[in-house]
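Contents: one structure, followed by commentary.
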Amino acid sequence: MQAKIFKVFMFISLLGSLFLVSCAKKNNSSSNRAGTAARGNLTGSDVTALGINKCSDGSTGWGRLLDDGTLSGSLFRQSYLKFLGAEDSGQLGDLDGTGTSRENGVDVKLNLKIANNQLNLTDSRLQFAIRDSYVGQKGDDGKLIDEISILYQGATSGQITNIVNGSGNFTLVFKDDYGTVQVEGTYNATETRGTRVSFNNTNGVNGSLGTFSTRTCGVFF
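The sequence shown begins at 7 in this note's numbering and counts up by one.
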């Protein structure tokens, strides 16, 4: 499945080919991420599944990715530099993995489509919203720098297992031209936990992206 990035990015030319990276070029006065690459939009649904109702307050399954015990301090930011394929450390600002900042950090949204009591991989999706310290600053072009948003529309593989009384385990793999992201976790009637979110880029670089939790009613549709 082709993931779709729909926010602000820079395209870097390498050996005559265009490789997508999220960028924030740093100079003496400002930083910016330039260029655009449309990767699609999300749509909602009123369907319920596995006996779980959609959140009555409109919550949509967003959670905050945090240090999983291996990403303390600057290691959290460094892992996202690798995930994004940034060529130098200046392409990404400071990034909080502790959850202490409401504005700075990485949010994730996992949506699992259930049809005929089966996990529908095609319509399941994963989205990242990466808000580093550059967001809100003026770039070299004078425009405000936006968050980095990455959407994977459709999983290449996955399953839900151990379903008992509205709880279970899940594993899904999402893929684009730059590698794969695997999400593993558990859910019950109220909470869904991503116990392991990891990436494996096509260049052989891999690592962890953290863990998250969110309300189950915003995950299944």
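Just so you know, even glycine gets a beta-carbon here, dropped at the ideal spot from N, CA and C.
With respect to the C-alpha of Y158, the residue from G75, Q165, L127, N122 having the closest C-alpha is L127. Within the segment 138 to 172, the complete beta strand (DSSP E) runs of at least 3 residues fall at 154 to 159, 163 to 170.
Taking the CA atoms as reference points, G172 sits about 6 Å from N194. Straight across, the Cα-Cα distance linking V187 with L215 is about 9 Å.
Secondary structure note for L71: its beta strand (DSSP E) is the uninterrupted segment 68 to 71. For Y193, the secondary structure class from DSSP, reduced to helix, strand or coil, is strand. Bridge pairing for V187: F180, F205 [DSSP]. Around L132, the same chain offers L116, Y158, F180 as residues with beta carbons nearer than 6 Å, after the five sequence neighbours per side are excluded.
Looking only at D182, N123, G142, D100, the smallest Cα-Cα distance to V112 is reached by D100. The C-alpha of S107 is placed about 21 Å away from the C-alpha of Q97. Between I154 and I166, the gap from beta carbon to beta carbon reaches 9 Å or more. Counting only residues of its own chain and dropping the five nearest sequence neighbours on each side, G224 has a CB closer than 6 Å to the CB of C61, S65, T66, G67.
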